[in-house]
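In the UniProt record's numbering, the protein residues as written are 1 to 255. Idealized CB from N, CA, C, for every residue including glycine. These notes are about the structure you will find just below.
This is how it looks when you write it as structure tokens:
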């Protein structure tokens, strides 16, 4: 019941912009104490921000719009996605997140049988446009709340959708990579990406060289949780990673 109530709260926020405790009590028929706990849970997860007497949808301050990020270093992202596709084999089940680099996978998936689980409507639509009804690729959406203007499915229902599946690979983007691990600027997908890693046999992170040596707002996973990093060229940071004796991480380059 709780995930459903959380999703209802997110839907109300999409309509109203701000939701106060008393309004949520009236709409959901829950007690003020329960609503406050729900608000705190969603705020702790980065999906909402607290305001006086209620909540609003969390902003993505500091992040460029998706369409802007999509065209940045587009050639490198395409090459990285093509290199990552070489990891896939016939019959694989894969998680794919909603990043701009992983979006390029839609344009280079090999003509083999794949089951693709994603929290990105944009990616799902791009893959479907290439499939031409041939049935090689089956697409599964996690479900969840469609965050305005992002094409991303987020929230407790999205997370519950992920844990229903087990995948051979999780293919993820990253906003930053250091020796401490991988990071993301998007608060709304951090928990979903962690769950994708937990429910996949192996994880590959797709990131161009500009992401190495930089932190982003939220830590997703340690490097020891990953299996492959796919990038476009060697940098000072990737060379240090290659020389870490305790790290069993395969780095793949397009150049």
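Pairwise C-alpha distance: residue j and residue i
{"i": "residue 251", "j": "residue 217", "result": "24 Å"}
{"i": "residue 131", "j": "residue 169", "result": "20 Å"}
{"i": "residue 208", "j": "residue 25", "result": "46 Å"}
{"i": "residue 214", "j": "residue 180", "result": "10 Å"}
{"i": "residue 52", "j": "residue 18", "result": "10 Å"}
{"i": "residue 62", "j": "residue 186", "result": "Residue confidence for residue 62 is low, a pLDDT of 43 falling below 50, so the modelled location carries little weight and cannot support an answer."}
{"i": "residue 109", "j": "residue 167", "result": "16 Å"}
{"i": "residue 235", "j": "residue 58", "result": "34 Å"}
{"i": "residue 190", "j": "residue 165", "result": "18 Å"}
{"i": "residue 173", "j": "residue 46", "result": "19 Å"}
{"i": "residue 245", "j": "residue 204", "result": "19 Å"}
{"i": "residue 128", "j": "residue 152", "result": "16 Å"}
Buried versus exposed call for residue i [16 or more other C-beta atoms within 10 Å across all chains shown]
{"i": "residue 239", "result": "exposed"}
{"i": "residue 75", "result": "exposed"}
{"i": "residue 163", "result": "exposed"}
{"i": "residue 37", "result": "exposed"}
{"i": "residue 9", "result": "buried"}
{"i": "residue 233", "result": "exposed"}
{"i": "residue 29", "result": "exposed"}
{"i": "residue 83", "result": "buried"}
Member of the options whose CA lies at the smallest distance from the CA of residue i
{"i": "residue 14", "options": "139, 34, 150 and 107", "result": "150"}
{"i": "residue 228", "options": "200, 45, 22 and 138", "result": "200"}
{"i": "residue 272", "options": "33, 11 and 10", "result": "With the chain represented from 1 up to 255, any question about residue 272 goes unanswered, as that position is not in the structure."}
{"i": "residue 115", "options": "45, 137, 177 and 245", "result": "137"}
{"i": "residue 231", "options": "146, 9 and 102", "result": "102"}
{"i": "residue 121", "options": "111, 144, 112 and 113", "result": "144"}
{"i": "residue 125", "options": "156, 50, 254 and 105", "result": "105"}
{"i": "residue 55", "options": "88, 77, 16 and 91", "result": "16"}
{"i": "residue 112", "options": "146, 85, 81 and 95", "result": "85"}
{"i": "residue 175", "options": "78, 88 and 210", "result": "210"}
{"i": "residue 202", "options": "183, 248 and 50", "result": "248"}
{"i": "residue 94", "options": "42, 255, 197 and 147", "result": "197"}
{"i": "residue 192", "options": "119, 78 and 12", "result": "119"}
{"i": "residue 88", "options": "171, 243, 212 and 184", "result": "171"}
Check: residue i C-beta below 6 Å from any heavy atom of the ligand ADP
{"i": "residue 229", "result": "Ligands in the displayed structure: none, and consequently the ligand ADP is not present."}
Neighbourhood of residue i by C-beta, 7 Å cutoff - its chain only, sequence neighbours within 5 removed
{"i": "residue 194", "result": "220 and 221"}
{"i": "residue 90", "result": "112 and 113"}
Contacts around residue i, its chain only, beta-carbon distance under 6 Å, and the 5 residues preceding and following it disregarded
{"i": "residue 157", "result": "3, 7, 143 and 144"}
**Item:** Ranges of the alpha helix (DSSP H) found wholly within the region 65 to 119, counting only runs of at least 4
**Value:** 66 to 71, 74 to 85 and 100 to 103
**Uninterrupted beta strand (DSSP E) stretches inside the region 129 to 214 (no shorter than 3 residues)** = 137 to 141, 167 to 173, 176 to 178, 181 to 184 and 200 to 206
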